[in-house]
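**Student:** Numbering (my numbering), first residue to last: 6 to 455. Got a structure here, written out as structure tokens. Questions coming.
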């Protein structure tokens, strides 16, 4: 799982309107956490709607390696028999997390306070990503980490034999870092406290409480303070995973820029720490509505209806919104190209350490397709060309990044000339049904090589 095999070049081109319903996969963030907390509970956790992409399947395999019983019981249906907090066994082999940055960082947190040793690796993209943001805080619990220069995989983590609780202020807005510390705190005595200056996605806090952990969240002068009481017994849960807003972004954004489109995307999780893209699109003038708003499993959910929106205008996206839409900036930059005026994205330096340097990847691909882009270490500005003004006609480098590949394929659906990506294989990590789903709506996306 540490590579994607032969590249799969793909091309998208203008077609008719996109219409119909887009049933996107389950939420990736919640899928990862369902498996992890199910493995740390006592008893059987049942999960429906699990995202069966490569990233999540790698996490399922890792939980098996740590001693949990993890079994697929049907389409999207899984059973996890957990081993309890502190019950992880030492893996017999290297843990291959593929392309899953969330998976590897959260798993490191889970095992950091158990007296076991595990070695982690991944594909070329994951091996290039920094792990110090997680290994530094888990070292405070007593864990040791030994990796390549720059804190990169492959990396061996030696769990703490006598863990101590930690009070940690996150140095960047990162749900992965916060979650790794909280998961490590589960097997440490006393109270582990995480302080974040700005709120990031809170699935971990919601799910920890759902599994029975004693946890409080307070807003203070210091920021958002999360306090977890260590060494609980987590009880098994029945989890219905909502559909992924990050995956929904692609059919939604495609519908907004393809003339005549009207697409319904049902059952999308609208956790306020994840819905920044949809707020931004509506500010731009997008015809995007929420229907059948409700709550499922403690998470707000709605059906999204997106219609062609030829009058979208560029906006300045507030810096404080970045954490709630960090994975959606690539596809937002595509929508911005079809708006009028400039769209400013600021406070987005986190994009430079995702699966790829997403600011550079999007800027180079957009420029190749005829769009003017300004960029800096912490910002990107896209100069919109209007609904009919994007030339296209280029090949973009996906850089082993699923969201880069999908974003440029969305661009090609409305550009004057087709857009290609050099490798669409990474799409399977998060959205394995992307091609048939988009084709079912009327998109023309083809594989152009083997």
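Here a beta-carbon is modelled for each residue, glycine too, at the ideal position from N, C-alpha and C. What you are looking at is a predicted structure, and each value in this text was computed from that prediction instead of being measured.
For residue 7, collect the residues of the same chain with a Cβ closer than 7 Å to its Cβ; drop the 5 residues on either side in sequence, then sort them by chain order.
**Tutor:** In this prediction, residue 7 has a pLDDT of 41, which is less than 50 and means its spatial position is unreliable; what the coordinates show is noted afterwards. Closer than 7 Å at the Cβ level, and outside the excluded window around residue 7, lie 101, 103, 126, 127 and 128.
**Student:** What's the call for residue 393, buried or exposed, on a 16-neighbour Cβ count within 10 Å?
**Tutor:** exposed
**Student:** So, using beta-carbon positions, are residue 58 and residue 437 closer together than 8 Å?
**Tutor:** In contact: residue 58 and residue 437 (Cβ atoms closer than 8 Å).
**Student:** Determine, using beta carbons only, whether residue 39 and residue 206 come nearer to each other than 8 Å.
**Tutor:** no
**Student:** What whole-angstrom Cβ distance do residue 340 and residue 432 have, given they're in contact under 8 Å?
**Tutor:** The pair is not a contact, with the Cβ atoms about 19 Å apart (cut-off 8 Å).
**Student:** Along the chain, where does the alpha helix (DSSP H) containing residue 33 start, and where does it finish?
**Tutor:** 33-45
**Student:** Can you tell me whether residue 444 is buried or exposed? The criterion is at least 16 other CB atoms within 10 Å of its CB, across all chains shown.
**Tutor:** exposed
**Student:** Beta-carbon within less than 7 Å of residue 396's beta-carbon, same chain only, minus the 5 sequence neighbours each way: which residues are those?
**Tutor:** If we look at residue 396 and ignore the five residues flanking it on each side, its Cβ neighbours are 374, 375, 420, 421 and 422.
**Student:** Less than 8 Å between the CB atoms is what I'm expecting for residue 45 and residue 191, so what's the real figure, rounded?
**Tutor:** 7 Å
**Student:** Quick one, which of 388, 334 and 427 has its alpha-carbon nearest residue 353's?
**Tutor:** 334
**Student:** On a Cα-Cα basis, can you pick out the residue from 71, 223, 84 and 43 that is closest to residue 238?
**Tutor:** 43
**Student:** State yes or no: is the C-beta of residue 448 within less than 8 Å of the C-beta of residue 20?
**Tutor:** Closer than 8 Å, so yes.
**Student:** Per DSSP, residue 449 is paired with what?
**Tutor:** 18
**Student:** Sorted by chain position, which residues of the same chain lie with C-beta nearer than 7 Å to residue 282's C-beta, five sequence neighbours on each side aside?
**Tutor:** 254, 330, 333 and 337
**Student:** Between the Cα of residue 134 and the Cα atoms of 151, 110 and 146, which residue gives the shortest distance?
**Tutor:** Taking only the C-alpha atoms, the option nearest residue 134 is 110.
**Student:** Since residue 259 and residue 228 are thought to touch, with beta carbons under 8 Å apart, how far apart are those beta carbons, to the nearest angstrom?
**Tutor:** About 37 Å separates the two Cβ atoms, so there is no contact after all.
**Student:** Could you tell me the distance, in whole angstroms, from the CA atom of residue 345 to the CA atom of residue 379?
**Tutor:** 16 Å
**Student:** Exposed or buried, residue 168, counting other C-beta atoms within 10 Å across all chains shown (16 or more means buried)?
**Tutor:** A residue is called buried when at least 16 other Cβ atoms come within 10 angstroms of its Cβ; residue 168 meets this threshold and is buried.
**Student:** Ordered along the chain, which non-local residues of its own chain (more than five positions away) have a Cβ less than 6 Å from that of residue 198?
**Tutor:** 172 and 232
**Student:** Residues in the same chain with beta-carbon distance under 7 Å from residue 306, minus the five sequence neighbours each way, listed in chain order, please.
**Tutor:** Result list for residue 306: 247, 272, 273, 274, 275, 299 and 300, in chain order.
**Student:** Heavy atom of the ligand MG less than 7 Å from the Cβ of residue 232, yes or no?
**Tutor:** Absence of the ligand MG is noted for the structure shown, with no ligands found whatsoever.
**Student:** Is the number of C-beta pairs between the stretch 355-374 and the stretch 401-411 that are closer than 8 Å three or more?
**Tutor:** yes
**Student:** Taking the continuous alpha helix (DSSP H) assigned at residue 230, which residues delimit it?
**Tutor:** Run containing residue 230: none in the alpha helix (DSSP H); it sits in the beta strand (DSSP E), 228-234.
**Student:** Assign residue 148 to buried or exposed, taking buried as 16 or more other Cβ atoms, counted over all protein chains shown, within 10 Å of its Cβ.
**Tutor:** buried
**Student:** Assign residue 243 to buried or exposed, taking buried as 16 or more other Cβ atoms, counted over all protein chains shown, within 10 Å of its Cβ.
**Tutor:** Label assigned to residue 243: exposed.
**Student:** Within the same chain, show all residues whose beta-carbon is closer than 8 Å to that of residue 441, passing over the 5 residues directly before and after it, in chain order.
**Tutor:** none
**Student:** Would you call the stretch 114-126 and the stretch 76-87 touching, i.e. three or more CB-CB distances under 8 Å?
**Tutor:** no
**Student:** CB-CB under 7 Å to residue 457, same chain, minus the five flanking residues each way: which ones, in chain order?
**Tutor:** No statement about residue 457 is possible, as the shown extent of the chain runs from 6 to 455 and does not include it.
**Student:** So, at 8 Å on beta carbons, what are the nonlocal neighbours of residue 455 in its own chain, with the 5 sequence-adjacent residues on each side left out?
**Tutor:** In this prediction, residue 455 scores a pLDDT of 48, lower than 50, which makes its location untrustworthy; the coordinate-derived value is nonetheless stated afterwards. Cβ within range, chain order: 11 and 13.
**Student:** I'd like to check one pair, residue 15 with residue 452: are the Cβ atoms closer than 8 Å?
**Tutor:** For residue 452 and residue 15, yes; Cβs fall inside 8 Å.
**Student:** So what does DSSP say about residue 84, is it helix, strand or coil?
**Tutor:** strand
**Student:** Take residue 459 and list the residues in its own chain whose beta-carbon comes closer than 6 Å to its own, dropping the five residues that flank it on each side.
**Tutor:** Examination of residue 459 is not possible in this model, given that the chain is present from 6 through 455 alone.
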